[in-house]
């Protein structure tokens, strides 16, 4: 086989039709493109793609089908001063590959330039890289979905659970050993049942696009565990597959989604479209750089040898180029339509909004998503910052989007550790952050609330360490943030002091309870519900080991915390006023004097304006009026909701709270007290005007009985 049929320019990538495969690759700078097919013995056959339409080089090969490994060699100018880095010695991945076999073996051949040349702009490296790079794989797209489809859980009923495909099941005792750490393990019956009983509605998975383990990490004996180093935007990461790397990862991923959907669990992917694993101009040439460097990457206008870096990784994808936009949109639609995922969380999303330099919320990327009839129907979550100037954009994304709310995280951490600042901002965060999201027509669920996530301390470490302990990362503890807003409760790290352990446990309950009673969408970090620790490591991106893996023995050791978390999720689900679709307005309902929300001092008096700015104020009562939650939900149903009274005490001493007067509620029942177990409860029912002692650093939740 030496000459392919003409084939078609679209779709891009390798498309099998049952009798043969159409190949198509975009490159505006190529002078010649070779399709490279690899046989079982490793031998390579090169085939020229001579048909070119709209800069898409294409051809059709009868008899080529699923499992075929392939790559490309692109001939053209090697002129870094003009941003051109074509080098046919580099075997390149297909940007549209649906599956990838193998990984990078780090040696000189994977770099497109000769070592020793300044800034990688000297003589091109002519060493063939085929023995050191992964292969693209032709896949069979067929799969029996059995009627499966996206779940579309309403935003106000969503509880997110951030998890890692490998780390979540690697140590799970009820998952078959050969399935641990894989897509099949995550979709296994014990895991799905655990998530269902916990009460979460969606798993938000750390990156599953094919990614690369950085050379610098491999040299230190580490790995890119988190996976924010993508090299292929349509391929499930092959090392998470239990059944093989020749396309099996596609069907195994689909089965995982199907199994999670059967348990009522949505699947949301953390996607990394802001940069790729090729890094700076000194990085390897694995795919995009060798295909069309200036099209795929943002280059410095005054010196195209260098990449613009808004991501801290060495490069930034060029969202201004139509073929880059097309790649990302095609990728999103593929994961929705072919893989049935329910939404996306966009890593460093501010970088995607940069048209020229400044972040532009109306950039082409967001315009296209807004009008796309497939993508605009799923959940879209932005990490609303990047590392460039002006990159912190919390609250500035378009109405279709929800956002990780970093201000919520910081404010709630500060409140419970007793930092000065009063309760005004805490009140905004508790009620959905209307100061950030209400002005442009967005709803409370625009705010994805979280206390902890993969990046930083776990919840157990947040209450056990004042500083980071990242020595295992091999950077002398220089990496990771120093702005943890944590409090170790008196001792750094592990302790046998029962009083400190009790205080830490109470603080964990405070954080979990606050998260679940806040307006917006709560996100729980996997393992926080039973006290997972990373021994103070707040940057475990490179720790593919017991530091990062979920320790399931803690499920029994900390059963009380797990039961508390389940109870708080259930309380949220059963009380509509805790998950409203609309903002509180602070106005009386139906002409009566009782508002939809009320703020009270511990003395039972409504908060005066001047009290909000007092930095020493750490105790507050909040009345949430259930009658304000009678509006129809997304299904057109109307449901009543009990009113709720929240008693917050972040002081170091007991504070006596007087319940509001009778018009706000004549009878109250205690639902949760973060300072006591069920066995400690003596009084669970209260009347208006009663005085209730609220323990130091604790929270009580009361439900109106009538």
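In this note's numbering, the protein residues as written are 937 to 1642. Glycine residues also receive a C-beta, built at the ideal position from the N, C-alpha and C atoms.
Inset, instruction - Go through its chain and collect everything with a Cβ distance to residue 1287's Cβ below 6 Å, but skip five positions before and after it. - result: So the list reads 1210, 1246, 1247, 1252 and 1322, once near-sequence residues are dropped.
Legend entry - Nonlocal neighbours in the same chain, by C-beta distance under 7 Å from residue 1370, ignoring five residues either side: 1364 and 1519
Legend entry - Inter-residue spacing [alpha-carbon to alpha-carbon] between residue 1440 and residue 1471: About 15 Å.
Legend entry - Own chain, CB closer than 6 Å to residue 1230, minus 5 neighbours either side, in chain order: The beta carbon of residue 1230 is closer than 6 Å to those of 1019 in its chain, skipping five residues each way along the sequence.
Inset, instruction - Output the distance between the C-alpha atoms of residue 1238 and residue 1062, rounded to the nearest integer angstrom. - result: 28 Å
Legend entry - Extent of the continuous alpha helix (DSSP H) to which residue 1269 belongs: 1258-1273
Inset, instruction - May I ask which residues mark the beginning and end of the alpha helix (DSSP H) holding residue 1629? - result: Unbroken run through residue 1629 is the beta strand (DSSP E), 1627-1630; no alpha helix (DSSP H).
Legend entry - Distance CB(residue 1027)-CB(residue 1041) smaller than 9 Å: Not closer than 9 Å, so no.
Legend entry - For residue 1031 and residue 987, believed in contact at Cβ under 8 Å, the rounded distance: Rounded, the Cβ-Cβ distance is 18 Å, inconsistent with contact.
Inset, instruction - Output the distance between the C-alpha atoms of residue 1270 and residue 1463, rounded to the nearest integer angstrom. - result: 31 Å
Inset, instruction - Please determine, among 1022, 1547 and 945, the residue with the shortest C-alpha to C-alpha distance to residue 991. - result: 945
Inset, instruction - Could you give the DSSP three-state label for residue 1041: helix, strand or coil? - result: coil
Legend entry - Inter-residue CB distance, residue 1469 and residue 1394 (contact presumed, cutoff 8 Å): 6 Å
Inset, instruction - Using the Cα positions of residue 1630 and residue 1130, report the straight-line distance between them to the nearest angstrom. - result: 33 Å
Legend entry - Per-residue DSSP class, three states only, for residue 946: Looking at residue 946 - three-state DSSP - the assignment turns out to be coil, as it is neither helix nor strand.
Legend entry - Beta carbon of residue 1137 nearer than 9 Å to that of residue 1201: Annotated as proximal: residue 1137 and residue 1201, with beta-carbon spacing under 9 Å.
Legend entry - Status (buried if at least 16 other CB within 10 Å, exposed otherwise) for residue 1181: buried
Legend entry - Spatial neighbours of residue 1569 in its chain, beta-carbon cut-off 6 Å, leaving aside the 5 residues before and after: Note that residue 1569 scores a pLDDT of 45, beneath 50, so its modelled location is shaky and nothing firm can be said.
Legend entry - Cα-Cα separation, residue 1452 to residue 1311: 28 Å
Inset, instruction - Would you identify the three-state DSSP class for residue 1385, choosing helix, strand or coil? - result: strand
Legend entry - Where the beta strand (DSSP E) containing residue 1316 begins and where it ends: Residue 1316 -> beta strand (DSSP E) spans 1315-1318.
Inset, instruction - May I have a chain-ordered list of the beta strand (DSSP E) segments no shorter than 3 residues that lie completely inside the stretch 1076-1143? - result: 1096-1099 and 1138-1141
Legend entry - Pair within 9 Å by beta-carbon distance, residue 1344 and residue 1383: yes
Inset, instruction - Within the same chain, show all residues whose beta-carbon is closer than 8 Å to that of residue 1402, passing over the 5 residues directly before and after it, in chain order. - result: 1420, 1422, 1423, 1424 and 1428
Inset, instruction - Would you mind giving the Cβ-Cβ distance between residue 1085 and residue 974, rounded to the nearest angstrom? I have them listed as a contact below 8 Å. - result: The Cβ separation is near 37 Å, so there is no contact.
Inset, instruction - Look at the alpha carbon of residue 1534 and the alpha carbon of residue 1557, and state the distance between them as a whole number of angstroms. - result: Those two C-alpha atoms are separated by around 8 Å.
Legend entry - CA nearest to the CA of residue 1012, picked from 1213, 1584 and 1048: If we check each option's Cα against that of residue 1012, 1048 comes out closest.
Legend entry - Length of the line joining the Cα atoms of residue 961 and residue 984: Rounded to whole angstroms, residue 961 and residue 984 show a C-alpha spacing of 12 Å.
Legend entry - Nearest-angstrom Cα separation, counted from residue 1000 out to residue 1074: 8 Å
Inset, instruction - Identify whether residue 993 lies in helix, strand or coil by the three-state DSSP scheme. - result: strand
Inset, instruction - Pick helix, strand or coil for residue 1348, following the three-state DSSP scheme. - result: helix
Inset, instruction - Flag this pair as yes or no: are the beta carbons of residue 1450 and residue 1635 separated by less than 9 Å? - result: yes
Inset, instruction - In the DSSP assignment, find the alpha helix (DSSP H) that holds residue 1366 and state where it starts and stops. - result: 1360-1366
Inset, instruction - Excluding the 5 residues preceding and the 5 following residue 1128 in the sequence, name in chain order all residues of the same chain whose CB lies nearer than 7 Å to its CB. - result: 1195, 1196, 1199 and 1201
Legend entry - Meets three-Cβ-pair contact criterion under 8 Å: the stretch 1114-1123 and the stretch 1158-1177: yes
Inset, instruction - Could you name the residues of the same chain whose beta carbon sits closer than 7 Å to that of residue 955, not counting the 5 residues immediately before and after it, in chain order? - result: 998
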